[in-house]
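Residue numbers (mature numbering (1 follows the signal peptide of the UniProt record, and there is no 0)): -24 to -1, 1 to 603.
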């Protein structure tokens, strides 16, 4: 049977609540407080005097503002609560933020140190770890220390904001990845919330379990320390009701039952109507509705039925599978006009990954339908069906760059082909960063996502994690493939085009060394190719990591490409070149290759470059990505 609509479900729950607590305790008589969704809130929280745990008393705010909680004379807003964990995300209440006259309008920095001692709460280890990486550049850009001593103090050492963090995570002394505007960055960092956790150790938690098992309500007695914990009994069990008061109760019960019966009939009628309408309307699919809301149907690629794609792959025959990844499996299929296509079938392991797959699915369709470049994979269609989400691409029949470098090692890629491949990838990135408005950050440029055809021309694919780069600063949770993920992005949560440059630099290192981006067989300090190659280059030991198959190549060209990759994987994003500079340098290296000449160079592959004379504009309301 379909689930009742949320408003109807809330009405039924409210009526049942009235029926069962006509004469009971009123710890949860008021509406739920955001971000809590139940009334009363789950123990140990409460917004009623005498209920819950004394250290977890919250105050409700007018909707949609979140509830507030007071901890050691600091008032916080509760911005996130996960009922499956013992943690909260808190932000400082406006009355407790710093108000010193600086060049910044600080909305989240406290006006004094946050002391969480002698209370159940403590900052999480992950929050303190991220805060410990925040450090000023030298010399620090200090405010007026005589007028703003507190702001001056935290500029020098941000860990002093929370006492507990400083004792667990000493500040990082290195200036690598430092911040020039420490107060502004710290204010933005704290907008995501201060993560705190608690331990269920004191007697309130142990006593409450027994109380709730007997259908009681947990509370406390602030006037008697010897009997601090109270378990309120249900008054409907303990109170004897006189016959004179029984009649009004009976009328309430009868009216409640009658209303519930009418609501049930309404629910059946509404569910039947909605079910029939869904059967007759294919646009009820949420992914299709989202796509049509953001893009005209005439601008979207063709739609295939699930049956068409199922038949073209012989019911997704494992022998037709040509690839498998974390987000989906790829099959070869014959579709309309007997053309061969690559069909990606997105995985649906659980509700969480299903939600991400749907967003990745819509994101890739909206982005690829706006792009036109010979080195970007082309999307030829899609299918959104309750049985699965599928994307139909042009078929690139010669595997991935990773296959050619690490799997089919006997088929050695010549130096000239490697330079051509690097230049083609770079022109595709230059197109995304400079010819599309707003720019697009791919976020997952890896050798596994670069496809090679029979003529050794490449296509950059897999835009599921891509993001439109708004004119302002983009803050988002780091996502990507280990070994290729920008460390600056990982530390700061700030996404820029330079994150793609870092990933491309790792691909260049694979071309120069023939090694994998991450290899568990290497020493722990050299497991990541970028770390190992940078260390070798800095020690002047480049020859130890160059692919032995390039031994006969002009050393100057290899060294130039290694130097370019070294610049691309710089720890600080500001030290990396942009895509235009990368393309210019690769053309210079290729020009030198033509001048010197390479024996056994193989077939030369000229790079395909899209015209930059006109920009591609991605329509407003661009694709969303789960951060």
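For every residue, glycine included, the Cβ atom is placed at its ideal position computed from N, Cα and C. Source: prediction; values computed, not measured.
- Just reading off the beta strand (DSSP E) that residue 435 is part of, what are its end residues? Translated into positions along the chain shown, residue 435 becomes position 459. Looking at the DSSP string, the run of the beta strand (DSSP E) that includes residue 435 is 434 to 436.
- Message: Using only the alpha-carbon positions, how far apart do residue 59 and residue 8 sit?
- Response: Taking the chain shown and counting its residues from 1, one reaches residue 59 at position 83. Taking the chain shown and counting its residues from 1, one reaches residue 8 at position 32. For the pair residue 59 and residue 8, the Cα-to-Cα distance works out to about 14 Å.
- Item | Residue of 543, 359 and 522 minimising C-alpha distance to residue 281 | To locate residue 281, count along the chain shown from 1; it is residue 305. Taking residue 281 as reference, the option from 543, 359 and 522 with the minimal CA-CA separation is 359.
- Task: Hey, could you find the ends of the alpha helix (DSSP H) residue 60 is sitting in?
- Result: Mapped onto the chain shown, residue 60 falls at position 84. Premise fails: residue 60 is in no alpha helix (DSSP H) and is neither H nor E.
- Query: Counting along the chain, where does the alpha helix (DSSP H) carrying residue 267 start and finish?
  - Reply: For the purposes of this step, residue 267 is taken as the residue at position 291 of the chain shown. That run of the alpha helix (DSSP H) goes 262 to 270.
- Query: Does the beta-carbon distance from residue 434 to residue 458 come in below 8 Å?
  - Reply: The count along the chain shown starts at 1 and reaches residue 434 at position 458. The count along the chain shown starts at 1 and reaches residue 458 at position 482. With a cutoff of 8 Å on beta-carbon distance, residue 434 and residue 458 are scored as not near each other.
- Task: Measure from the alpha carbon of residue 279 to the alpha carbon of each residue in 322, 197, 422 and 355, then state which is nearest.
- Result: For the purposes of this step, residue 279 is taken as the residue at position 303 of the chain shown. For the residues 322, 197, 422 and 355, the minimum Cα distance to residue 279 belongs to 355.
- Query: Going by the beta-carbon positions, is the gap between residue 292 and residue 266 smaller than 8 Å?
  - Reply: Position 316 of the chain shown, counted from the first residue, corresponds to residue 292. Position 290 of the chain shown, counted from the first residue, corresponds to residue 266. Not a contact, by the Cβ cut-off of 8 Å.
- Query: Hey, how far is the Cα of residue 238 from the Cα of residue 246?
  - Reply: Looking up residue 238 in the chain shown gives position 262. Looking up residue 246 in the chain shown gives position 270. If I take the Cα positions, the gap works out to 12 Å.
- Message: Pull the bridge partners of residue 97 from the DSSP assignment, please.
- Response: Counted from its first residue, the chain shown places residue 97 at position 121. DSSP lists 174 as the beta-bridge partner residues of residue 97.
- Task: Assess, as a yes-or-no matter, whether the segment 112 to 128 is touched by the segment 164 to 183 under the definition of 3 or more beta carbon pairs within less than 8 Å.
- Result: The segment 164 to 183 makes no contact with the segment 112 to 128; the number of CB pairs closer than 8 Å stays below 3.
- Among all the DSSP beta bridges, which residues are the ones paired with residue 359? Taking the first residue of the chain shown as 1, we reach residue 359 at position 383. Its beta-bridge partners are 366.
- When burial is assigned at 16 or more other CB atoms within 10 Å of the CB, is residue 103 buried or exposed? Residue mapping note: residue 103 aligns to position 127 of the chain shown, counting from 1. Buried: at least 16 other Cβ atoms inside 10 Å.
- Message: With H, G and I counted as helix, E and B as strand and the rest as coil, what does DSSP make of residue 124?
- Response: In the chain shown, residue 124 corresponds to position 148, counting from 1. In this structure, residue 124 counts as coil in the three-state DSSP scheme.
- Local conformation of residue 202 per DSSP, three classes: For this step, residue 202 is matched to residue 226 along the chain shown. Here DSSP, grouped into helix, strand and coil, assigns residue 202 to helix.
- Item | Candidates 409, 205, 191 and 198, of which the one nearest residue 180 by Cα | Looking up residue 180 in the chain shown gives position 204. Comparing Cα-Cα distances from residue 180 to each of 409, 205, 191 and 198, the minimum goes to 205.
- Message: Three or more C-beta pairs under 8 Å: does that hold for the segment 504 to 513 against the segment 536 to 556?
- Response: Inter-segment contact for the segment 504 to 513 and the segment 536 to 556 is present: three or more beta-carbon pairs are separated by less than 8 Å.
- Among all the DSSP beta bridges, which residues are the ones paired with residue 13? What you label residue 13 is simply residue 37 of the chain shown in a count that begins at 1. The partner list for residue 13 (beta bridge, DSSP) is empty, contrary to what the question assumes.
- What's the call for residue 283, buried or exposed, on a 16-neighbour Cβ count within 10 Å? For the purposes of this step, residue 283 is identified with residue 307 of the chain shown, where counting begins at 1. Answer is exposed; the Cβ neighbour count stays below 16.
- In terms of DSSP beta bridges, what is residue 334 paired with? The residue given as residue 334 occupies position 358 in the chain shown. In the DSSP assignment, residue 334 is bridged to no other residue.
- Item | residue 300: first and last residue of the uninterrupted beta strand (DSSP E) it sits in | Against the chain shown, residue 300 aligns to sequence position 324. Taken as a continuous stretch (DSSP letters only), the beta strand (DSSP E) holding residue 300 covers 297 to 300.
- Using only alpha-carbon positions, find the residue among 29, 94 and 420 that is nearest to residue 440. Here residue 440 corresponds to residue number 464 of the chain shown, with the count starting at 1. Of the listed residues, the one whose Cα sits closest to residue 440 is 420.
- Message: So if DSSP puts residue 321 in a beta bridge, which residue, or which two residues, is it bridged to?
- Response: Mapped onto the chain shown, residue 321 falls at position 345. Paired residues: 305 and 366.
- What do you reckon, is the C-beta of residue 226 under 7 Å from a heavy atom of the ligand FMN? For the structure depicted, the ligand FMN is absent and the ligand set is empty, with no information on it obtainable.
- Would the beta-carbon of residue 365 fall within 8 Å of that of residue 337? Position 389 of the chain shown, counted from the start, is the residue given in the question as residue 365. Position 361 of the chain shown, counted from the start, is the residue given in the question as residue 337. With respect to the 8 Å criterion, residue 365 and residue 337 are classified as neighbours on the basis of their beta carbons.
- Going by CA-CA distance only, name the one from 389, 468, 199 and 378 that's closest to residue 482. Position 506 of the chain shown holds residue 482. Comparing Cα positions, the closest option is 378.
- Cβ atoms of residue 555 and residue 405: under 8 Å apart, would you say? The sequence position of residue 405 within the chain shown is 429, counting from 1. The sequence position of residue 555 within the chain shown is 579, counting from 1. Yes, these two residues count as a Cβ contact at 8 Å.
- Query: Got a sec? Which residues, its chain only, sit under 6 Å from residue 207 by beta carbon, not counting five neighbours each side?
  - Reply: Translated into positions along the chain shown, residue 207 becomes position 231. If we look at residue 207 and ignore the five residues flanking it on each side, its Cβ neighbours are 187 and 192.
- Query: residue 91 and residue 133: beta carbons closer than 8 Å?
  - Reply: If you number the chain shown from 1, residue 91 lands on position 115. If you number the chain shown from 1, residue 133 lands on position 157. Against a cut-off of 8 Å, the Cβ pair of residue 133 and residue 91 comes out as no contact.
- Query: Between 106, 135, 158 and 67, which lies nearest to residue 112 when the distance is taken from Cα to Cα?
  - Reply: Walking along the chain shown from the start, residue 112 turns up at place 136. Comparing C-alpha distances from residue 112 to each of 106, 135, 158 and 67 shows the shortest one belongs to 158.
- Where does residue 195 fall in DSSP's three states? The sequence position of residue 195 within the chain shown is 219, counting from 1. The answer is strand: DSSP assigns residue 195 an E or B state.
- Item | Rounded straight-line distance, which links the Cα of residue 562 to that of residue 454 | The sequence position of residue 454 within the chain shown is 478, counting from 1. The sequence position of residue 562 within the chain shown is 586, counting from 1. In this model, residue 454 and residue 562 are separated by some 29 Å (Cα to Cα).
- In this structure, does DSSP put residue 455 in helix, strand or coil? Position 479 of the chain shown, counted from the start, is the residue given in the question as residue 455. DSSP places residue 455 in the coil class of the three-state scheme, outside both helix and strand.
- Could you tell me the boundaries of the beta strand (DSSP E) in which residue 513 lies? The residue you call residue 513 lines up with position 537 of the chain shown. Not the beta strand (DSSP E): residue 513 falls in the alpha helix (DSSP H), residues 505 to 514.
- Message: Using a Cβ-Cβ cutoff of less than 8 Å, which residues in the same chain neighbour residue 520 once the five nearest sequence positions on both sides are dropped?
- Response: Translated into the one-based positions of the chain shown, residue 520 becomes position 544. Counting only residues of its own chain and dropping the five nearest sequence neighbours on each side, residue 520 has a CB closer than 8 Å to the CB of 512.
- Message: Beta-carbon within less than 8 Å of residue 11's beta-carbon, same chain only, minus the 5 sequence neighbours each way: which residues are those?
- Response: The count along the chain shown starts at 1 and reaches residue 11 at position 35. Close CB contacts of residue 11 within its chain, under the 8 Å cut and outside five residues either way in sequence, are with 42, 43, 54, 55, 56 and 57 (chain order).
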